[in-house]
Amino acid sequence: ALTLPGEAILASERIRVLLLLPSLHGGGAERMAVHVMQHADPTQFDVRMGLLRRVGPYLSEVDPARVDASPTGQRFLDYDGINAEIYNPLRLLPGVALAPANALAMIRRFRPHVVVSYLKGMSLITQAAVTMYGRNRVRWIAREGNNTLAVLRSELANPVALASVRRLMAFCYGSADRLLTISEDMARDLIRDLGLRPERVRTIYNCVDIASVQKRAAEEPAVPVEAPFLVYVGRLHPQKGVDILFEAYARSRAREQYRLVLVGDGAQRPALLALAERLGIAERVTFTGFVENPWSYMARARAFLLPSLWEGFGNVVVEAMACGAPVVVTDCDFGPREIVRHGEDGLVVKAGDAAAFSAAIDHVALADSLRDAFAQAGQARAREFDLPVVVKRYEDLFREVAATL
24 ALTLPGEAIL
34 ASERIRVLLL
44 LPSLHGGGAE
54 RMAVHVMQHA
64 DPTQFDVRMG
74 LLRRVGPYLS
84 EVDPARVDAS
94 PTGQRFLDYD
104 GINAEIYNPL
114 RLLPGVALAP
124 ANALAMIRRF
134 RPHVVVSYLK
144 GMSLITQAAV
154 TMYGRNRVRW
164 IAREGNNTLA
174 VLRSELANPV
184 ALASVRRLMA
194 FCYGSADRLL
204 TISEDMARDL
214 IRDLGLRPER
224 VRTIYNCVDI
234 ASVQKRAAEE
244 PAVPVEAPFL
254 VYVGRLHPQK
264 GVDILFEAYA
274 RSRAREQYRL
284 VLVGDGAQRP
294 ALLALAERLG
304 IAERVTFTGF
314 VENPWSYMAR
324 ARAFLLPSLW
334 EGFGNVVVEA
344 MACGAPVVVT
354 DCDFGPREIV
364 RHGEDGLVVK
374 AGDAAAFSAA
384 IDHVALADSL
394 RDAFAQAGQA
404 RAREFDLPVV
414 VKRYEDLFRE
424 VAATL
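Residue numbering for the sequence shown follows the numbering used here, starting at 24 and increasing by one per position.
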């Protein structure tokens, strides 16, 4: 079948698509891959998944018969650490030797028309595998779902290592048939910083399963919190700017009426508890820890606050809008400023500016008419990121690249 011209493939059979991931540990990339596999039109596409390790919470959501896995991956290939660990030569060596061969075996078994690699390490492995398989026999889409250079700068202190990895990513992404990004700003920066060809770069926003989110939002919160409150949902990590949120909240007028609820956990929690004490807001701040259903808090919040210094996309913003929470976000790279149109369906504030964020909190939380207008406009905006809309864009991309075979 693979020797047919691309147009004939489209006419004569379903397009076979193989999604390659390290594992199904929870994250935006894994979530999106599961959505694509579950919801792509089965009359047009045969979508399978190939994992280096058959582990992760999303495994329960996929049909095991459509998931292939590397036999040696369980033992040697743990790609769930931070990048600095992944790039540690001692950890990398077994993976370098085994991973491309395992990915190649999965490609040979399924003979896909299109391979999609998720996450940086997996794209490097896939590049080697599709080269060995034969670049004329398959089309490869590398998906980048994070603010790659910001992550690398934060995790690789050594400038030589940073430059080497950057060159490696430029070579890898430059050799893919398409680089798929999740925001227009990310696409622009990667084209500029890695010297990529713009005509090979595509953007498809992440999706949110709005029906599912709204259904879960109606449930009672796992950790009861006295309303009314403002909410932040996410990891407690320096990237997320929660320290700036605390400073903003401490100087806001809204703090007198509204508690601040943090839904999520992370290594920064002890430092944030100490900061809350120092700022005199400890009595007004609630840490729920990780909860399985954050949407129940979004739906009951006076406003949703995301003070991030950088993002890959910011799915949580779309989820909050879908739940009817008016949003205040930062103008950070990448995502939030493409989701939220400032003054139309939320407020977008300069990243790292506690005074501006504080003013925005008061603006939304203390004015009923503005809050209600943002809540209504935000719900309408969220529908543009709904699962069926976004999966259709993936289908169009699969057709586009399969037609070039």
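Beta carbons are placed, not taken as given, at the ideal position from N, Cα and C, and that holds for glycine.
Residue i - containing alpha helix (DSSP H), residue span
{"i": "V153", "result": "K143 to Y156"}
{"i": "D69", "result": "Premise fails: D69 lies in the beta strand (DSSP E), F68 to L74, not in any alpha helix (DSSP H)."}
{"i": "D216", "result": "E207 to L217"}
{"i": "F421", "result": "L410 to A425"}
{"i": "L268", "result": "V265 to A273"}
{"i": "V363", "result": "Unbroken run through V363: none, as it is neither H nor E."}
{"i": "L389", "result": "From DSSP, L389 is part of no alpha helix (DSSP H); its letter is neither H nor E."}
{"i": "L82", "result": "It is not in any alpha helix (DSSP H) - L82 carries neither H nor E in the DSSP assignment."}
{"i": "V340", "result": "N338 to A345"}
{"i": "E178", "result": "T171 to E178"}
{"i": "A56", "result": "G51 to H62"}
{"i": "W318", "result": "W318 to M321"}
Buried/exposed call for residue i, threshold 16 Cβ in 10 Å
{"i": "K373", "result": "exposed"}
{"i": "E441", "result": "This structure leaves residue 441 out entirely; the chain is present only between 24 and 428."}
{"i": "D64", "result": "exposed"}
{"i": "H58", "result": "buried"}
{"i": "G366", "result": "exposed"}
{"i": "T149", "result": "buried"}
{"i": "P293", "result": "exposed"}
{"i": "K238", "result": "exposed"}
{"i": "V183", "result": "exposed"}
{"i": "P80", "result": "exposed"}
{"i": "S206", "result": "buried"}
{"i": "N125", "result": "buried"}
{"i": "E270", "result": "buried"}
{"i": "E243", "result": "exposed"}
{"i": "S235", "result": "exposed"}
{"i": "I105", "result": "At I105, the pLDDT of 46 sits below 50, so the modelled position is not reliable and the matter cannot be decided from this model."}
{"i": "S93", "result": "buried"}
{"i": "P247", "result": "exposed"}
{"i": "G157", "result": "exposed"}
Bridge-paired residues (DSSP) for residue i
{"i": "E306", "result": "In the DSSP output, where bridge partners are listed per residue, E306 has none listed."}
{"i": "S140", "result": "L43 and A165"}
{"i": "A38", "result": "Position check: residue 38 holds Ile in this sequence, whereas Ala was assumed. For I38, which the question treats as bridged, DSSP gives the partners F68."}
{"i": "A193", "result": "Per DSSP, none; premise fails for A193."}
{"i": "L202", "result": "A165 and V224"}
{"i": "A433", "result": "Here the chain comprises residues numbered 24 to 428, so residue 433 is not present and cannot be evaluated."}
{"i": "A92", "result": "L74"}
{"i": "L298", "result": "BP columns for L298 are empty, so no partner."}
{"i": "L370", "result": "V351"}
{"i": "V236", "result": "Paired residues: none, contrary to the question."}
{"i": "D356", "result": "W333"}
Other residues of its chain near residue i: CB distance less than 6 Å, five sequence neighbours each side excluded
{"i": "D86", "result": "none"}
{"i": "R258", "result": "G287 and G289"}
{"i": "D232", "result": "L410"}
{"i": "S146", "result": "S140, A165 and C195"}
{"i": "A52", "result": "Y141, L142 and G168"}
{"i": "E423", "result": "none"}
{"i": "V137", "result": "V40, R162, F421, V424 and A425"}
Heavy atom of the ligand MG within 7 Å of residue i beta-carbon
{"i": "V161", "result": "Looking for the ligand MG in the displayed structure turns up nothing, as the structure carries no ligands at all."}
Pair within 8 Å by beta-carbon distance, residue i and residue j
{"i": "V284", "j": "Y320", "result": "yes"}
{"i": "M344", "j": "R307", "result": "no"}
{"i": "A165", "j": "S140", "result": "yes"}
{"i": "A398", "j": "A348", "result": "yes"}
{"i": "D354", "j": "A400", "result": "no"}
{"i": "G337", "j": "I362", "result": "yes"}
{"i": "I267", "j": "A377", "result": "yes"}
{"i": "Q262", "j": "S198", "result": "no"}
{"i": "P123", "j": "M155", "result": "yes"}
{"i": "L185", "j": "L175", "result": "yes"}
{"i": "L328", "j": "Y281", "result": "no"}
{"i": "I193", "j": "L172", "result": "The sequence given here has Ala at residue 193, not Ile. No; because the gap between Cβ atoms is not below 8 Å, this pair is not in contact."}
{"i": "V414", "j": "C230", "result": "yes"}
{"i": "L47", "j": "V78", "result": "yes"}
{"i": "A299", "j": "L253", "result": "no"}
{"i": "A273", "j": "L302", "result": "yes"}
{"i": "A152", "j": "L127", "result": "yes"}
Residues near residue i in its chain [Cβ-Cβ closer than 7 Å; skip 5 each side]
{"i": "S11", "result": "This structure cannot speak to residue 11, because the chain is shown only from 24 to 428."}
{"i": "A390", "result": "none"}
{"i": "A240", "result": "W318, S319, M321, A322 and C346"}
{"i": "A107", "result": "Residue confidence for A107 is low, a pLDDT of 45 falling below 50, so the modelled location carries little weight and cannot support an answer."}
Neighbourhood of residue i by C-beta, 8 Å cutoff - its chain only, sequence neighbours within 5 removed
{"i": "F133", "result": "R39, L41, R71, G73 and D91"}
{"i": "A245", "result": "T311, V314, E315, N316 and S319"}
{"i": "L420", "result": "I164, R201, L203, R225 and I227"}
{"i": "E84", "result": "V57 and Q61"}
{"i": "D356", "result": "N170, A173, D208, M209, D212, W333 and E334"}
Enclosing beta strand (DSSP E) for residue i [first to last residue]
{"i": "L285", "result": "R282 to V286"}
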